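What follows is a set of notes on a single structure, which appears directly below.
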Amino acid sequence: MTGESHGKDGLERRLFWWLLGGAGTTAALLATLILDTRSRVDRIEERMNIVQQEQENRRPMVESVLTSAYRLNQVELRLAMLENKQ
Numbered sequence: 004m005t006g007e008s009h010g011k012d013g014l015e016r017r018l019f020w021w022l023l024g025g026a027g028t029t030a031a032l033l034a035t036l037i038l039d040t041r042s043r044v045d046r047i048e049e050r051m052n053i054v055q056q057e058q059e060n061r062r063p064m065v066e067s068v069l070t071s072a073y074r075l076n077q078v079e080l081r082l083a084m085l086e087n088k089q
């Protein structure tokens, strides 16, 4: 009987360590996945900040172009009205 129980204990011990090793591997894989995901999120956020900054830098240029186009349109309209009066 003692031989059987010792064999069973040995099997349980091996199973315990095997499961513990598997849990360690799973934990390592999850940690790697979490770190990789965080790294990707950081890169995406950095790119979003760059794009947002570029858009903010372009805004004054776009507004300036639109203002100039509007003024040009107004001058052309006045010129056309003056030419029609003659």
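Numbered by this note's numbering, the letters in the sequence shown go through residues 4 to 89 in order.
Beta carbons are placed, not taken as given, at the ideal position from N, Cα and C, and that holds for glycine.
This structure is a prediction, so every number in the text was calculated from the model and none was measured.
Alpha-carbon to alpha-carbon, D45 and R81: By 1-based counting over the sequence shown, the position of residue 81 is 78. By 1-based counting over the sequence shown, the position of residue 45 is 42. Taking C-alpha positions only, R81 is separated from D45 by approximately 54 angstroms.
Cα-Cα separation, L75 to S67: One-based indexing of the sequence shown puts residue 75 at position 72. One-based indexing of the sequence shown puts residue 67 at position 64. One C-alpha to the other measures close to 12 angstroms.
Proximal residues to E7 (C-beta, below 8 angstroms), its chain only, five neighbours per side dropped: As a first step, residue 7 is located in the sequence shown; it is residue number 4 there, counting from the start. Low per-residue confidence applies at E7: pLDDT is 49, beneath 50, and the placement is therefore not dependable enough to give any value.
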